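Chemist: This is the structure I want to talk about, given as structure tokens.
Residue numbers (the numbering used here): 1 to 295.
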């Protein structure tokens with residue numbers, strides 16, 4: 001493949017977007033669903049906005065922030081607004097309220113920051129093409145939402161299309177994950193935690209298979225990204241088990257049947273399984289960051 005073909009901006013055509021939804025809309029992961037109530041939402045939202053350089057202390061701050069948003073009703077309203085956004089302006093506003101970012105549309109030439117050979121040559125669409133593609137994505141989402149057909153597969157299609165458009169100057173990954181969460185909560189709220197944690201795992205533990213799957217998706221084949229996500233949903237099981245224990249401990253639930261420090265144990269698993277930076281207990285909140293990855 002020539003250098004010019006590698007470095008050309010991806011067009012993200014309407015036909016490519018339609019193909020992504022056509023392939024994934026009726027798809028559903030085969031993993032046995034695990035149910036959680038609304039108490040898990042702040043924890044899930046905090047997972048979604050943790051990037052490559054964020055540690056457990058940052059995660060805890062985000063949990064506290066999302067709890068405040070949940071208590072005021074703003075978390076639910078912002079997620080609903082994200083799911084139902086009828087324009088990029090509306091979508092950016094609701095996502096900004098959730099992620100805390102005030103990103104603007106980029107001006108072009110923003111290469112994805114990754115050393116992975118399947119993604120390092122990727123250039124997102126030219127800004128004019130990206131804005132057209134975003135309008136197409138939002139219109140497809142509106143059509144599906146209006147008819148109640150924006151399924152988990154449709155949420156995954158929206159996620160990969162939003163990431164590929166890469167219109168924002170910062171926070172494209174966090175925004176795409178939060179949009180996925182909004183769609184899950186709007187369609188299957190009782191099992192959304194498992195789907196959301198699967199996406200968190202897909203993001204944090206991404207490697208060659210993920211980047212290859214994304215490259216295949218850009219070529220028009222969405223089957224590998226669906227397989228990677230399904231595997232991530234299965235792999236999220238131990239974290240969900242620990243989250244259930246932590247939520248029960250917070251409620252003072254089952255007394256002596258719980259470990260003495262389930263919250264700390266959850267944090268340990270976050271560090272081990274999701275690769276966050278060390279917590280304050282393990283070396284301070286200003287521990288050296290890991291090598292940069294696309295977030």
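By construction, the Cβ of each residue, glycine as well, lies at the ideal position given by its N, Cα and C atoms. Since we're looking at a predicted model, the values are computed, not measured.
(1) Using CA coordinates, which residue listed in 36, 208, 11 and 149 is at the minimum distance from residue 245?
(2) What alpha helix (DSSP H) runs, 4 residues minimum, are completely inside the segment 211 to 235?
(3) Which runs of the alpha helix (DSSP H), 4 residues or longer, sit entirely within the segment 133 to 204?
(4) Once you ignore the five residues that flank residue 81 on each side, which residues in its own chain have a CB closer than 6 Å to its CB?
(5) Grouping DSSP H, G and I as helix and E and B as strand, with all else coil, what is residue 243?
(6) Does DSSP classify residue 55 as helix, strand or coil?
(7) When DSSP labels each residue in this structure, what does residue 69 get in the three-state scheme?
(8) Keeping to the same chain, check which residues put their C-beta closer than 6 Å to that of residue 213; ignore five residues upstream and five downstream.
(9) Rounding to the nearest angstrom, what Cα-Cα distance links residue 165 and residue 121 in this structure?
(10) Taking all protein chains shown into account, decide if residue 30 is buried (16 or more other Cβ within 10 angstroms of its Cβ) or exposed.
(11) Straight-line CA distance for residue 144 to residue 150?
(12) Consult DSSP for residue 255 and reduce its assignment to one of helix, strand or coil.
(13) Determine the direct distance from the alpha carbon of residue 125 to that of residue 254, and round the result to whole angstroms.
(14) Per DSSP, what are the beta-bridge partners of residue 123 in this structure?
(15) The alpha helix (DSSP H) that contains residue 42, what's its start and end?
(16) Report yes if the CB atom of residue 66 is closer than 7 Å to the CB atom of residue 200, and no otherwise.
(17) Is the beta carbon of residue 24 sitting closer than 7 Å to the one on residue 156?
(18) Residue 118 lies in the alpha helix (DSSP H); which residues open and close that run?
(19) Does the separation of the CB atoms of residue 185 and residue 192 fall below 7 Å?
(20) For residue 69, which residues of its own chain have a beta-carbon under 6 Å away from its beta-carbon, when the five flanking residues on both sides are left out?
(21) Between residue 178 and residue 162, how many whole angstroms is the CB-CB distance? I'm expecting something under 8 Å.
(22) Kindly indicate which three-state DSSP category residue 21 falls into: helix, strand or coil?
(23) Given a threshold of 16 other Cβ atoms within 10 Å of its Cβ, counted over all protein chains shown, does residue 72 qualify as buried or as exposed?
(24) By the three-class DSSP mapping on this structure, what secondary structure does residue 87 have?
(25) Residues in the same chain with beta-carbon distance under 7 Å from residue 247, minus the five sequence neighbours each way, listed in chain order, please.
(26) Helix, strand or coil, according to DSSP, for residue 37 in the structure here?
(27) What do you get for residue 183, buried or exposed, if any count of 16 or more other CB atoms within 10 angstroms of its CB means buried?
(28) So residue 230 packs on residue 152, CB below 8 Å; how close in whole Å?
(29) Thinking just about the alpha-carbon of each residue, which of 17, 181 and 171 is nearest to the one in residue 92?
(30) In angstroms, rounded to a whole number, what distance separates the CA positions of residue 154 and residue 17?
(31) Inspect the beta-carbon positions of residue 175 and residue 99 and report whether they are closer than 7 Å.
(32) What residues in its chain sit with their C-beta under 8 Å from that of residue 20, if we drop five residues either side in the sequence?
Modeler: With the given structure in hand:
(1) Checking every option, the nearest Cα to that of residue 245 belongs to 36.
(2) List check, alpha helix (DSSP H) in window: 223 to 235.
(3) Whole alpha helix (DSSP H) segments, 4+ residues: 152 to 165, 172 to 187 and 192 to 204.
(4) Leaving aside the five residues that flank residue 81 on each side, the residues in its chain whose CB is nearer than 6 Å to its CB run, in chain order, 94.
(5) In the structure shown, the three-state DSSP call for residue 243 is helix.
(6) Strand at residue 55.
(7) Residue state, collapsed to three classes: helix.
(8) Within the same chain, residue 213 has close Cβ partners 224, 225 and 228.
(9) Those two C-alpha atoms are separated by around 15 Å.
(10) Under the 10 Å beta carbon count, residue 30 is surrounded by fewer than 16 other beta carbons and is classified as exposed.
(11) Approximately 5 Å, taken between the alpha carbons.
(12) Below a pLDDT of 50, predicted positions are generally treated as unreliable, and residue 255, at 45, falls in that range; no measurement from the model is reported.
(13) Here the model assigns residue 254 a pLDDT of 49, short of 50, so the residue's position is not dependable and the matter cannot be decided.
(14) In the DSSP output, where bridge partners are listed per residue, residue 123 has 9.
(15) Looking at the DSSP string, the run of the alpha helix (DSSP H) that includes residue 42 is 41 to 49.
(16) No; because the gap between Cβ atoms is not below 7 Å, this pair is not in contact.
(17) With a cutoff of 7 Å on beta-carbon distance, residue 24 and residue 156 are scored as near each other.
(18) No alpha helix (DSSP H) holds residue 118; DSSP gives it neither H nor E.
(19) In this structure, residue 192 lies closer than 7 Å to residue 185 by Cβ.
(20) A distance below 6 Å between beta-carbons, with the five flanking residues on each side excluded, links residue 69 to the following residues of its chain, in chain order: 75.
(21) Not really, about 10 Å apart at Cβ, beyond 8 Å.
(22) The answer is helix: DSSP assigns residue 21 an H, G or I state.
(23) Taking every protein chain shown into account, the CB of residue 72 has fewer than 16 other CB atoms within 10 angstroms, so this residue is exposed.
(24) Coil, per DSSP.
(25) Excluding residues within five positions, the ones whose Cβ falls inside 7 Å are 39 and 40.
(26) In the structure shown, residue 37 sits in coil (DSSP, three-state: anything other than H, G, I, E or B).
(27) Around the C-beta of residue 183, 16 or more other C-beta atoms lie within 10 Å, and the residue is accordingly described as buried.
(28) Going by Cβ atoms, the distance from residue 230 to residue 152 rounds to 11 Å, so no, they are not a contact pair.
(29) It is 171.
(30) If you take the alpha carbons of residue 154 and residue 17, they lie about 11 Å apart.
(31) Inclusion of residue 175 and residue 99 in the CB contact set at 7 Å is warranted, their separation being smaller than that value.
(32) Apart from the 5 residues on each side of it in sequence, residue 20 sits with its Cβ closer than 8 Å to the Cβ of 157, 160, 161, 217 and 222 in its chain, given in chain order.
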